[in-house]
Amino acid sequence: MNAACLVKYKSFSLDSIDPRQRAWVEVFPSAIRDNTQVVKSLLAENCLLMAVVKADGYGHGAGTVAEAALEGGAANLGVATLQEALDLRKLGISCPILILGNLVNLKDLDACLNWDLIPTISSSREALLCQKIAESYEKKFNIHIKVDTGMTRLGCDISSLKSLINLIDTLENIELVGIYSHLALADGERHGQPEIITSLQKKRFNSLLSNFKPARQNLCRHLANSAGTFRDKALHFDMVRVGLALYGYKPFEDFADNCSLKPALAVRARITLIRDVPSHTGVSYGHDFITKRPTRLAVVGIGYADGINRALSGKISVLINGYFYPQVGSITMDQLVIDITENNDIRIGDVVTLLGEDKGSSITPYEWSQACGSIPWEILCSFKYRLPRVVI
Ligand SMILES: *Cc1c(COP(=O)(O)O)cnc(C)c1O
């Protein structure tokens, strides 16, 4: 870019610009801290809580979440990718970080060792790479083994666990510090198939742990996600890996409301235009909505390019000053339309809440996920870079 061009605008400071121009995500670190304490209070005293902050802290901002969760008593952090872990290190976060995904390149494992990150090992291939790297630096490489007890995704087969451990025992620069598995149906009903599979996974995990020699009993054993943590204390072992609950949502519908989690995020946008249209007017692309009466419509400056799934078109309501108004017509890339006929006091620039709390009323990711066949996890990590995260 032409430097002279920038000089022209230099007197106008970018710092003074409010990010809440059109649409934004508000993040409440105090809710994350409180939720961490609530979950911790469910655990035995010596059971650790790992805060899972993958996917940019489920869309809340990984750095913000990590700090708040550590303040609330989390012992360490879990991420999915090397880059997510490196980003946390760059922010100066020095606690142990476990990478839950599989790192397959020598270079990635090299960075992992040198930034003090813990990889997950599912096979002898990566164990041997770790040894090679650690040996070249004359360092010890701390690793966790993952074993598949029924998720059928990452992890070694139970039948090959013994040979993997025997191999690791011969690798001098590798220190096995943890062993874990992942639950497939813990967020399902508390009976039938989900209950059967979860018990089976618990049984398999317990039985493979009994193979470890007593000297190994200090290794960190973990199995439960949020749902497992709330479901059954016998799934806790030495540590639980909690994502969803830290962000303020219960992992299944019938979860007893004896502890209160607070949503840590709200999605808000402004009204950018108000229009009065007659009856029988088609609204937005495709005219999927036709007015049935003279209607006052408001255009809201947020759309599917911000992460408001187009499949929600005509199926959600929004909040203005604690009252609900229906969204009508197709959600478009940058805006959506709401019907505000009921209220003459709404003005251009007013703040609309799409998700989260507003004056005692609230809209949850559960409602959205039911409307568009998704799950709260996916809703939370769907908000795009175009929505600035405003930490409150
Ligand atoms: C994402 C993830 C978690 C956290 O799951 P929640 O349901 O959000 O609590 C735990 N463990 C692993 C391996 C994961 O990938």
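Straight run, no breaks: the sequence shown in my numbering ends on number 396.
C-beta: ideal position from N, C-alpha, C; glycine also.
Computed from a predicted model, the values in this text were never measured in an experiment.
Do residue i and residue j have their C-beta atoms within less than 8 Å of each other?
i: LYS144; j: GLU179; result: yes
i: PRO23; j: VAL394; result: yes
i: CYS99; j: LEU121; result: no
i: ALA138; j: ASN177; result: yes
i: ILE352; j: ARG300; result: no
i: SER127; j: THR153; result: no
i: PHE387; j: GLY61; result: no
i: GLN331; j: GLY305; result: no
i: ILE172; j: VAL151; result: no
i: PHE241; j: LEU227; result: yes
i: LEU53; j: ALA79; result: yes
i: LEU102; j: THR85; result: no
i: ALA55; j: LEU250; result: yes
i: MET337; j: GLY290; result: no
i: LEU113; j: LEU81; result: no
i: SER283; j: VAL341; result: no
i: VAL355; j: ARG274; result: yes
i: ILE201; j: LEU212; result: no
i: TYR141; j: LEU175; result: no
i: ALA70; j: ILE97; result: yes
i: VAL11; j: THR233; result: no
i: CYS376; j: ASN313; result: yes
i: VAL246; j: CYS51; result: no
i: LEU168; j: ILE147; result: no
Quick check: does the Cβ of residue i come within less than 7 Å of any heavy atom belonging to ligand 1?
i: ALA70; result: no
i: SER34; result: no
i: TRP119; result: no
i: ALA81; result: Note that residue 81 is Leu in the sequence shown here, rather than Ala. No, since every heavy atom of ligand 1 falls outside the 7 Å radius drawn around the Cβ of LEU81.
i: ALA89; result: no
i: ASN229; result: yes
i: ALA55; result: no
i: ALA249; result: yes
i: LYS3; result: The chain is shown from 5 up to 396; residue 3 falls before or after that span and cannot be answered.
i: HIS186; result: yes
i: LEU104; result: yes
i: PRO100; result: no
i: VAL271; result: no
i: VAL42; result: no
i: ARG245; result: yes
i: PRO255; result: yes
i: TRP381; result: yes
i: LYS1; result: Residue numbering for the chain in the displayed model covers 5 to 396; residue 1 lies beyond these limits and cannot be assessed.
Just to confirm my understanding: we take residue i, look at its own chain, exclude 5 residues before and 5 after, and list those with CB closer than 7 Å. What are they?
i: LYS266; result: ALA35, ASP38, ASN39 and GLY252
i: ASP292; result: SER317, GLY318, GLY333 and SER334
i: ASP161; result: ASP152
i: VAL281; result: THR295, THR299 and LEU301
i: ALA66; result: VAL57, ASP60, GLU88, ASP91 and LEU92
i: LEU248; result: SER230, PRO255, PRO380 and TRP381
i: ILE383; result: PRO369, TRP372 and SER373
i: ALA48; result: HIS240
In chain order, what residues of the same chain lie with their CB nearer than 8 Å to the CB of residue i, ignoring the 5 residues before and after it?
i: THR357; result: ALA270, VAL271, ARG272, VAL322, LEU323, ILE324 and ILE367
i: LYS363; result: LEU323, ASN325 and GLY326
i: ARG402; result: Beyond the ends of the chain as shown, which are 5 and 396, falls residue 402; an answer cannot be given.
i: PHE328; result: SER321, VAL322 and SER365
i: GLN41; result: GLY76 and GLY77
i: ARG157; result: HIS186
i: LYS136; result: LEU110
i: GLY360; result: GLU30, PRO267, LEU269, ALA270, VAL271, ARG272, SER366 and ILE367
i: LYS458; result: Because the chain spans 5 through 396 in this model, residue 458 falls outside it and cannot be assessed.
i: TRP119; result: ALA89, LEU90 and ARG93
If you drop the 5 nearest sequence neighbours on each side, which residues of the same chain put their C-beta closer than 6 Å to that of residue i?
i: THR68; result: VAL31, PRO33 and VAL395
i: PRO392; result: PRO23 and TRP28
i: THR276; result: VAL303 and GLY305
i: ARG208; result: THR153
i: ARG235; result: ALA190
**Prompt:** Which runs of the alpha helix (DSSP H), 4 residues or longer, sit entirely within the stretch 35-83?
**Reply:** 58-62 and 66-75
**Prompt:** Whole beta strand (DSSP E) runs in the stretch 191-242 with 3 or more residues, listed along the chain?
**Reply:** 224-226
**Message:** Extract the residue ranges of the beta strand (DSSP E) inside the stretch 322-351, only unbroken runs of 3 or more that lie entirely within it.
**Reply:** 327-332 and 340-343
**Message:** Which complete alpha helix (DSSP H) runs does the stretch 361-396 hold, if anything under 4 residues is left out?
**Reply:** 369-376 and 380-384
**Request:** Would you list, in sequence order, the uninterrupted alpha helix (DSSP H) runs of no fewer than 4 residues that lie entirely inside the stretch 91-169?
**Result:** 110-118 and 128-141
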